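This report concerns only the one structure given below.
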Amino acid sequence: EPEVTQTPSHQVTQMGQEVILRCVPISNHLYFYWYRQILGQKVEFLVSFYNNEISEKSEIFDDQFSVERPDGSNFTLKIRSTKLEDSAMYFCASSRGQVSGNTIYFGEGSWLTVV
Amino acid sequence: GQSLEQPSEVTAVEGAIVQINCTYQTSGFYGLSWYQQHDGGAPTFLSYNALDGLEETGRFSSFLSRSDSYGYLLLQELQMKDSASYFCAVGNAGNNRKLIWGLGTSLAVNP
Numbered sequence: 001e002p003e004v005t006q007t008p009s010h011q012v013t014q015m016g017q018e019v020i021l022r023c024v025p026i027s028n029h030l031y032f033y034w035y036r037q038i039l040g041q042k043v044e045f046l047v048s049f050y051n052n053e054i055s056e057k058s059e060i061f062d063d064q065f066s067v068e069r070p071d072g073s074n075f076t077l078k079i080r081s082t083k084l085e086d087s088a089m090y091f092c093a094s095s096r097g098q099v100s101g102n103t104i105y106f107g108e109g110s111w112l113t114v115v
Numbered sequence: 116g117q118s119l120e121q122p123s124e125v126t127a128v129e130g131a132i133v134q135i136n137c138t139y140q141t142s143g144f145y146g147l148s149w150y151q152q153h154d155g156g157a158p159t160f161l162s163y164n165a166l167d168g169l170e171e172t173g174r175f176s177s178f179l180s181r182s183d184s185y186g187y188l189l190l191q192e193l194q195m196k197d198s199a200s201y202f203c204a205v206g207n208a209g210n211n212r213k214l215i216w217g218l219g220t221s222l223a224v225n226p
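So this is what it looks like as structure tokens:
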């Protein structure tokens, strides 16, 4: 069964450093997402991406964050100048279309620890 | 604003039936989804309701009442492996590109 894959599974970085989290969405999907989950808290929407541009973003997704689809398969989240409060599990997700909630598939997540 | 409310914890025994309720406040409601998450792993889609009524998928069913801004997830014939967190989530502003999530309900299934 196709799946969303993410790397790295766990990254430790020093405060102020830049981090890039990578994702390979399901190949025939057109919509891509990043979500975040701080330990013990709810899943929070960060950004959605379609047709090589951001289609929605939350208030969390400020200038510190950026996304890119550098080639036909990868979808990346860059966090510039990381802060302690950026420590969280970051989930990539993808969907074929936008209209029904039952087509969003999540990767296993990248656990980011900022020290 | 937008918010979802669901119980923080539910405990049940194997073989039992449990109902996890979710009430929501949102603009431009576009469907109620349910996700299961084991120990911080990937959220896994369970069910989706766009219209009022009951949707059944095996042991799991989900119900929606748009007039009451209310839904629930019903889990039958509980198994130990059903111990997980269950999140309700709503689509925002007329589409599902942005899901707003509840805080999750931790379900513990005991022998």
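Those protein sequences? They're chains A and B, same order as listed. In terms of our numbering, the first sequence has 60 at position 60, counting the first letter as 1, and numbering is strictly consecutive. Positions in the second sequence are counted from 1; adding 115 to them yields our numbering. For glycine and all other residues, C-beta sits at the position ideal for the given N, C-alpha and C. Bear in mind the structure is a predicted one, so any value in this text is a computation, not a measurement.
Residue i (DSSP reduced to helix, strand or coil)
i	result
M195/B	helix
L218/B	coil
E1/A	coil
L84/A	helix
T103/A	helix
H153/B	coil
Residues sharing a beta bridge with residue i, DSSP
i	result
K57/A	V47/A
L166/B	L166/B pairs with nothing; no bridge assigned.
G206/B	L214/B
Own chain, CB closer than 8 angstroms to residue i, minus 5 neighbours either side, in chain order
i	result
M195/B	E129, V224 and P226
Rounded straight-line distance, which links the Cα of residue j to that of residue i
i	j	result
P2/A	S142/B	33 angstroms
G107/A	E192/B	28 angstroms
D154/B	E56/A	28 angstroms
S64/A	A199/B	Correcting the residue identity first, residue 64/A is Gln in this sequence and not Ser. Cα to Cα, the separation comes out at about 33 angstroms.
D183/B	S221/B	24 angstroms
Q6/A	G146/B	27 angstroms
Own chain partners of residue i with C-beta closer than 6 angstroms, once the 5 adjacent residues on each side are dropped
i	result
T126/B	A223
V99/A	Low confidence applies here, because V99/A scores a pLDDT of 49, under 50, leaving its location unreliable; read the following figure in that light. Result list for V99/A: empty, nothing under 6 angstroms.
R174/B	Q191 and E192
A204/B	S148, L214 and W216
Buried or exposed (CB count within 10 angstroms, at least 16 for buried), residue i
i	result
A131/B	exposed
V12/A	exposed
C190/B	Checking the displayed sequence, the identity of residue 190/B turns out to be Leu instead of Cys. That one is buried.
Q121/B	buried
L84/A	exposed
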